[in-house]
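To start, the structure under review is shown below, and the notes come after it.
Residue numbers (the numbering used here): 10 to 314.
Following this line, the structure appears as structure tokens:
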């Protein structure tokens, strides 16, 4: 028990320090490339924080359990938007880049497309390949939009040191989150808390802990664009890359609860976020409160599945 508490606080310390370094160097990378903090969060930060999920999904698919990747991907999207952005915006309204609503709308479109692919209760290899191609096109589009800025300034110095620090601190965040969640689960079990409650709270939240830590840190440091970009970018990766790679390796059999409950709820929270961003580029307290209510609905609904 004592060892678990020690591991818990070590994990918490590593998570906090890692997030602090991560946000600091992400900001330096944005300044070096002369692009917005939002875009760096959307691409670089999201890739760094979702690498573990991608790796786990690949391993699960190779072991013939690709449906697990689908549940994790959609669960992460729900937690990222309803819980993480919900908490951040409820305590401090977030004014974000005008590009955010377009990316949120894109997320809404690809999630709707994923729902369409599930009609026959399976996501095939070809459909997985299509999802990956869509992400490649998305990256190309983001690059093209920011290429003009780079061409205007020929003296851009490649921030090698900061990029290395981004991935090292990202790794620290993942390790810290892992230590934190594992020790918390062991502590909860020692107090006789049921596996179902542990799974729906600690484990589900643990997969999105890196994004949560970065979002909180970015809000505290008055850099909400990094946190918002990270969350939206991570969600796009979850839908297109995590699901795409998993189904490419091993076709995914879609369970009824995904089509009838999880995905519709996911679409609803993305829609609410998109409308909020489209209106005034702000995720306000009211929106944050509504998103948190949907997270509670997700938890309650999960118990009845």
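Note that CB positions come from ideal geometry on N, CA and C, so glycine has one too.
Note that the structure is a prediction, hence the values are computed from the model and not measured.
Can you give the beta carbon distance from residue 50 to residue 290, rounded, assuming they're within the 8 Å contact cut?
-> Residue 50 to residue 290, Cβ: 15 Å. No contact.
At what residue ranges does the segment 54 to 131 contain a whole run of the alpha helix (DSSP H), taking only runs of 4 or more?
-> Within the segment 54 to 131, the complete alpha helix (DSSP H) runs of at least 4 residues fall at 55 to 71, 75 to 87, 95 to 100 and 108 to 126.
Through-space distance from residue 166 to residue 299, alpha-carbon basis = 43 Å
Buried or exposed by the 16-neighbour rule on C-beta atoms within 10 Å, applied to residue 22 = Residue 22 comes out exposed.
Check residue 261 in the structure and name its three-state DSSP category.
-> strand
Buried versus exposed, by CB contacts within 10 Å (16 or more), residue 108 = Classification for residue 108: buried.
Compare the C-alpha of residue 41 against each of 118, 106 and 171 and name the closest.
-> 171
What does residue 292 pair with, by DSSP beta-bridge criteria?
-> Paired residue(s): 103.
Beta-carbon proximity of residue 258 to residue 58, cut-off 8 Å | Taking a C-beta distance under 8 Å as the contact criterion, residue 258 and residue 58 do not qualify as a contact pair.
Please specify which runs of the alpha helix (DSSP H), each continuous and at least 4 residues long, are wholly inside the segment 217 to 284, giving them in chain order.
-> DSSP runs (the alpha helix (DSSP H)) wholly in the segment 217 to 284: 218 to 229, 233 to 246 and 252 to 258.
Thinking just about the alpha-carbon of each residue, which of 45, 119 and 97 is nearest to the one in residue 222?
-> 97
Residue 199 by DSSP, collapsed to three states: which one?
-> helix
Apply the 10 Å Cβ neighbour rule to residue 154 and answer buried if 16 or more other Cβ atoms are within range, or exposed otherwise.
-> exposed
Say whether the segment 248 to 258 touches the segment 132 to 140, bearing in mind that this needs 3 or more beta-carbon pairs closer than 8 Å, one atom from each stretch.
-> Cβ pair count under 8 Å is three or more, so yes.
If we count Cβ pairs, one from each stretch, closer than 8 Å, do we get three or more for the segment 11 to 31 versus the segment 185 to 201?
-> Contact between the segment 11 to 31 and the segment 185 to 201 is present: 3 or more CB-CB pairs across the two stretches fall below 8 Å.
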